[in-house]
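*Asks:*
There are 2 protein chains.
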Amino acid sequence: MHRTGLKIGDLARAAETKVVTIRYYEKIGLLPVPGRSAANYRTYDAAALERLRFIRRCRGLGFTLDQIRELLELSSDVARPCAEVDEITANHLADVERKIEDLQALARELRRISASCNGGGTISNCRILDAIAPG
Amino acid sequence: MHRTGLKIGDLARAAETKVVTIRYYEKIGLLPVPGRSAANYRTYDAAALERLRFIRRCRGLGFTLDQIRELLELSSDVARPCAEVDEITANHLADVERKIEDLQALARELRRISASCNGGGTISNCRILDAIAPG
DNA sequence: TCTACGGTCTATAGCAACTATAGGGTCAAG
DNA sequence: CTTGACCCTATAGTTGCTATAGACCGTAGA
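So the sequence lines, in the order shown, correspond to chains A and B. Count the first sequence with the working numbering and you get residues 11 to 145, in order. Count the second sequence with the working numbering and you get residues 11 to 145, in order.
1) Inspect the CB distances between the segment 60 to 76 of chain A and the segment 93 to 104 of chain B and report whether three or more fall short of 8 Å.
2) Whose Cβ in chain B lies nearer than 8 Å to the Cβ of Ser124 of chain A?
3) Would Ala22 of chain B pass as an interface residue toward chain A - the criterion being a Cβ-Cβ separation below 8 Å?
4) For Leu116 of chain A, decide whether its Cβ has a neighbour in chain B, counting only Cβ atoms nearer than 8 Å.
5) Could you confirm whether any beta carbon from chain B is found closer than 8 Å to the beta carbon of Gly72 of chain A?
6) Using a cut-off of 8 Å between C-beta atoms, extract the partners of Ile110 of chain B located in chain A.
7) Could you tell me the boundaries of the alpha helix (DSSP H) in which Lys34 of chain B lies?
8) Would you check if there are 3 or more beta carbon pairs closer than 8 Å linking the segment 16 to 33 of chain A to the segment 53 to 60 of chain A?
9) Exposed or buried, Val106 of chain A, counting other C-beta atoms within 10 Å across all chains shown (16 or more means buried)?
10) Which of the three DSSP states is assigned to Ala41 of chain A in this structure?
11) Could you tell me if Pro42 of chain A is buried or exposed, where buried requires 16 or more neighbouring beta carbons within 10 angstroms of its beta carbon?
12) Give the range of the alpha helix (DSSP H) segment to which Ser3 of chain A is assigned.
13) Is the distance from the Cβ of Gly15 of chain B to the Cβ of Thr53 of chain B below 8 Å?
14) Along chain B, in chain order, which residues have C-beta atoms closer than 7 Å to that of Glu107 of chain A?
15) Considering Tyr51 of chain B, what are the terminal residues of the beta strand (DSSP E) in which it resides?
16) Taking Cβ positions, are Thr99 of chain A and Leu120 of chain B nearer each other than 8 Å?
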């Protein structure tokens with residue numbers, strides 16, 4: 011029955027974020043202005059947490075705040091014309107798919123390095139650059 | 011026979027980077043100090059291009075410059091003890107694998123949005139946040 | 001030859017996305 | 001009733017670029 015609402019510190023812990031960062035996102039309009047308690051403390055709900063988690067994960071994936079804003083608008087603006095949505099999703103999808111490929115190449119190479127270490131010696135022919143920066 | 015070596019502008023074009031960014035990376039020690047031409051122009055080789063491409067791709071994937079530095083050291087420090095390498099690769103691998111999962115969820119949702127648009131109407135139940143910010 | 005232009009140089013200032021600090025108010029526990 | 005952990009606003013500092021100023025280099029056309 012957690013009806014009480016989250017304080018900013020609770021939200022920060024739940025989304026693995028800094029308190030100041032949350033206030034910063036509010037300031038730039040990326041998070042909606044929350045309600046306030048009698049003591050003038052910000053109060054948040056589950057929707058705010060979901061939104062913040064999304065923002066943080068996307069930031070960790072290399073999206074800019076403007077790109078994230080666009081993705082969030084895509085999410086909320088339910089009556090948006092499809093031509094526009096298609097354009098935006100197509101662009102982001104191409105971007106996302108290339109990121110996945112890069113990361114998979116990097117993961118393969120990290121696993122290879124780790125495996126080649128099992129003998130207990132030293133790594134001798136690391137191709138980590140090749141993995142992700144092909145000629 | 012392209013023996014001449016790349017000028018900074020050539021390198022920037024080849025790695026889709028700004029000239030100033032290259033000089034910045036040199037300043038902070040992420041790119042080695044290059045040779046100079048008679049006219050005091052920086053000259054680069056294929057190895058520098060590979061390194062720069064790696065850095066730019068990793069940045070696009072949300073790694074910090076310090077993390078990239080660590081990955082690059084992993085690549086060059088061929089006589090490094092394996093226990094240490096294992097620790098570093100394991101950490102980065104876990105990180106990379108979570109990023110891949112996040113991106114795959116995001117890609118699925120972007121495709122779904124795009125597909126649900128085919129009728130030519132509007133998107134009506136976007137779950138883009140759910141995709142990447144599960145409760 | 002000269003001169004126009006595009007590229008390079010150093011140095012510095014500004015911007016995006018945080019992050020840390022100062023100075024103060026709130027509140028539950030001891 | 002005070003101590004400690006939290007919250008508030010406001011501002012300055014950090015990271016990772018990016019833009020600008022003012023000057024030098026190099027080559028192609030008049």
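Backbone N, C-alpha and C define an ideal beta-carbon position, used for all residues, glycine too.
*Replies:* Based on what the coordinates show:
1) no
2) Val95, Asp96, Thr99, Ala100, Leu103
3) no
4) yes
5) For Gly72 of chain A, at least one C-beta of chain B is nearer than 8 Å to its own C-beta.
6) Within chain A, the C-beta atoms nearer than 8 Å to that of Ile110 of chain B come from Ile110, Leu113, Gln114, Ala117, in chain order.
7) Checking the sequence shown, residue 34 of chain B turns out to be Tyr, not Lys. That run of the alpha helix (DSSP H) goes 29 to 37.
8) Verdict: yes, contact present.
9) In summary, Val106 of chain A is buried, with 16 or more beta-carbon neighbours lying within 10 Å of its beta-carbon over all protein chains present.
10) Going by the sequence as given, residue 41 of chain A is Leu instead of Ala. It is coil, neither helix nor strand.
11) exposed
12) This structure gives no information on residue 3 of chain A, because the portion of chain A shown stretches from 11 to 145.
13) Contact annotation: Gly15 of chain B and Thr53 of chain B have beta-carbon atoms nearer than 8 Å.
14) Ala117
15) Premise fails: Tyr51 of chain B is in no beta strand (DSSP E) and is neither H nor E.
16) yes
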